[in-house]
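S.K.: Numbering (the numbering used here), first residue to last: -6 to 154.
1. Helix, strand or coil, according to DSSP, for residue 56 in the structure here?
2. Tell me the residue span of the alpha helix (DSSP H) that contains residue 25.
3. In chain order, what residues of the same chain have a beta carbon less than 7 Å from the beta carbon of residue 113, not counting five sequence neighbours either side?
4. Could you check whether the Cβ of residue 76 sits closer than 8 Å to any Cβ belonging to chain D?
5. At the level of alpha carbons, what is the spacing between residue 137 and residue 124?
6. Apply the 10 Å Cβ neighbour rule to residue 41 and answer buried if 16 or more other Cβ atoms are within range, or exposed otherwise.
7. According to DSSP, residue 61 sits in a beta bridge with which residue or residues?
8. Could you round the C-beta distance between residue 84 and residue 140 to whole angstroms and report it? I think they count as a contact, below 8 Å.
9. Would you report the Cα separation of residue 80 and residue 126, rounded to the nearest angstrom?
10. When you compare only the Cα positions, how much space is there between residue 61 and residue 150?
11. Counting pairs of beta carbons, one from the segment 106 to 122 and one from the segment 43 to 55, are three or more of them closer than 8 Å?
12. Please list, in chain order, all residues of the same chain as residue 142 whose beta carbon is under 6 Å from its beta carbon, the five residues on each side excluded.
Given below as structure tokens:
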């Protein structure tokens, strides 16, 4: 379990390498694995990344309309994710800093989450991104309340297969 008020750090090259070996060996569906790899390389089409690529969109995150949409803000830092953070008791106290990139955040999670917590957390992050995209593109409402239960059930099915 993550300790109270813990924050990711980008130090320790050797520990980062061992962390990545453990992350990429996790039991995850390919879509979650691909999502994590893209997020680590900052290839997720957040508003900030789209602006950086000269695509004419505003950088403000359309879910909260308060802060720029970075990977970290959209997946974990936004106040709209508070309900998900509360439901994920195993990550209690784990906070994201907007100045930390997703790769450092995931490395930190891999070092501080235990057993099946990291693959479950990875599914949760993917599900958040999936639902936010549906909301932004108008295909459904954003239902954050069931992210944890859906991700947990999905993970249990994955373990059983």
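Think of the CB as a built atom: it goes at the ideal place given N, C-alpha and C, for glycine as much as any other residue. Please read these numbers as outputs of a predicted model, since none were measured by experiment.
M.R.: Checking against the coordinates, here is how it stands:
1. coil
2. 23 to 33
3. 144, 145, 148
4. The structure shown has no chain D; it contains just one protein chain.
5. Cα to Cα, residue 137 sits roughly 8 Å from residue 124.
6. buried
7. 53
8. Contact between residue 84 and residue 140 does not hold, since their C-beta atoms are separated by about 13 Å, which reaches or exceeds 8 Å.
9. 21 Å
10. Spanning the two alpha carbons is a distance of roughly 35 Å.
11. no
12. none
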